[in-house]
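Q:
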Amino acid sequence: MNKAALLLLLAVVGILSEPLYTEMYVTSYGYDDNDPPSAQIAYPKNAGYPTLHNLATETKGMYDDPITFASDKEELRIGIRIYVPFLRKYFIMEDDCAECDSDWESRRKYHVDLWMGPQSASNSNDLNNCEDKITRSSAQVIISPPSNLPVDTTPLFTNNQCTARIYPEDLD
Numbered sequence: 001m002n003k004a005a006l007l008l009l010l011a012v013v014g015i016l017s018e019p020l021y022t023e024m025y026v027t028s029y030g031y032d033d034n035d036p037p038s039a040q041i042a043y044p045k046n047a048g049y050p051t052l053h054n055l056a057t058e059t060k061g062m063y064d065d066p067i068t069f070a071s072d073k074e075e076l077r078i079g080i081r082i083y084v085p086f087l088r089k090y091f092i093m094e095d096d097c098a099e100c101d102s103d104w105e106s107r108r109k110y111h112v113d114l115w116m117g118p119q120s121a122s123n124s125n126d127l128n129n130c131e132d133k134i135t136r137s138s139a140q141v142i143i144s145p146p147s148n149l150p151v152d153t154t155p156l157f158t159n160n161q162c163t164a165r166i167y168p169e170d171l172d
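If you read the sequence shown in our numbering, its first letter stands for residue 1, the second for the next number, and so on.
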């Protein structure tokens with residue numbers, strides 16, 4: 001096992017206390033294209049999971065108030081935080097993603113699906129266009145990030161408007 005794979009394994013199981021910088025496939029989803037269409041999540045806090053929310057939630061994206069994301073629980077442990085530099089937001093693993101599961105199981109491809117928008121239906125075309133805007137085939141993601149990284153508290157999607165701001169991946 002190479003060093004990068006070992007560090008990722010330690011981050012996934014929660015042993016690694018230092019941030020891990022890695023490239024991931026980044027997609028997003030919202031109420032309209034969740035399965036089933038809703039704000040339901042696979043790992044709600046009220047079911048005893050080490051998460052913060054009972055429904056998928058787009059918060060301000062701060063360390064102490066992260067946005068929901070989905071992935072394969074074998075790839076990233078339930079309740080782990082990540083930071084996405086090109087969005088300048090923190091997210092917490094609270095949901096499952098079928099495409100993420102398939103990517104991880106078949107190719108060990110790192111994939112996160114970021115929640116955007118309200119906990120109710122939106123204009124599907126507007127939501128899909130915003131999801132497309134932030135999709136990246138490869139983007140830097142920080143697993144177990146420090147709590148002091150820059151945050152843009154602008155929502156990603158609100159009132160059927162894509163309000164996501166895209167930043168360079170370097171934090172300078």
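C-beta: ideal position from N, C-alpha, C; glycine also.
Helix, strand or coil for A98 per DSSP?
A: Position 98 of the sequence shown, counted from the start, is the residue given in the question as residue 98. The answer is helix: DSSP assigns A98 an H, G or I state.
Q: Using the DSSP secondary-structure output, state which residues sit across from Q140 in a beta bridge.
A: Taking the first residue of the sequence shown as position 1, residue 140 is located at position 140. In DSSP, Q140 forms a bridge with E23.
Q: Quick one: what's R77 bridged to in DSSP?
A: Reading the sequence shown from its first residue, position 77 is the one you call residue 77. Answer is none; R77 lacks a bridge partner.
Q: In its own chain, which residues sit with a C-beta less than 7 angstroms from the C-beta of K45, not counting the 5 before and 5 after it?
A: By one-based count along the sequence shown, residue 45 stands at place 45. Answer for K45: T51, L52, H53, N54, listed in chain order.
Q: Let me know the secondary structure DSSP gives I92 once reduced to three states.
A: Within the sequence shown, the letter at position 92 stands for residue 92. Three-state result, I92: strand.
Q: Note down the Cα distance separating Q161 from L87, rounded to an integer number of angstroms.
A: In the sequence shown, counting from the first residue as 1, residue 161 sits at position 161. In the sequence shown, counting from the first residue as 1, residue 87 sits at position 87. Those two C-alpha atoms are separated by around 16 angstroms.
Q: Check whether the stretch 135–142 touches the stretch 96–104, taking contact to mean three or more Cβ pairs, one atom from each stretch, closer than 8 angstroms.
A: Because the criterion of three Cβ pairs below 8 angstroms is not met, the stretch 135–142 and the stretch 96–104 do not touch.
Q: So for A121, helix, strand or coil by DSSP?
A: Taking the sequence shown and counting its residues from 1, one reaches residue 121 at position 121. A121: coil per DSSP, three-state reduction.
Q: Kindly give me the distance between the Cβ atoms of R77 and S144, rounded to whole angstroms, as I take these residues to be in contact under 8 angstroms.
A: Within the sequence shown, the letter at position 77 stands for residue 77. Within the sequence shown, the letter at position 144 stands for residue 144. Their Cβ separation, rounded to whole angstroms, is 10 angstroms, which puts R77 and S144 out of contact at 8 angstroms.
Q: Kindly list the residues whose CB is nearer than 6 angstroms to the CB of G57, restricted to its own chain and excluding five residues on each side of it in sequence; keep chain order.
A: Within the sequence shown, the letter at position 57 stands for residue 57. The residue asked about is misnamed: residue 57 is Thr in this sequence, not Gly. Answer for T57: T68, listed in chain order.
Q: Identify, in the order they occur along the chain, each residue of the same chain with its Cβ nearer than 6 angstroms to the Cβ of A42, setting aside the five sequence neighbours on each side.
A: What you label residue 42 is simply residue 42 of the sequence shown in a count that begins at 1. These residues qualify, in order along the chain: D95, D96.
Q: Verify whether the separation of the beta carbon atoms of P36 and Y167 is less than 8 angstroms.
A: In the sequence shown, the residue the question calls residue 36 occupies position 36. In the sequence shown, the residue the question calls residue 167 occupies position 167. In this structure, Y167 does not lie closer than 8 angstroms to P36 by Cβ.
Q: Who does A42 pair with in a DSSP beta bridge?
A: Locating residue 42 in the sequence shown gives position 42, where the first residue counts as 1. None, per the DSSP bridge assignment.
Q: Less than 8 angstroms separating the beta-carbons of L114 and V26?
A: Taking the first residue of the sequence shown as position 1, residue 114 is located at position 114. Taking the first residue of the sequence shown as position 1, residue 26 is located at position 26. Yes, they are a contact pair.
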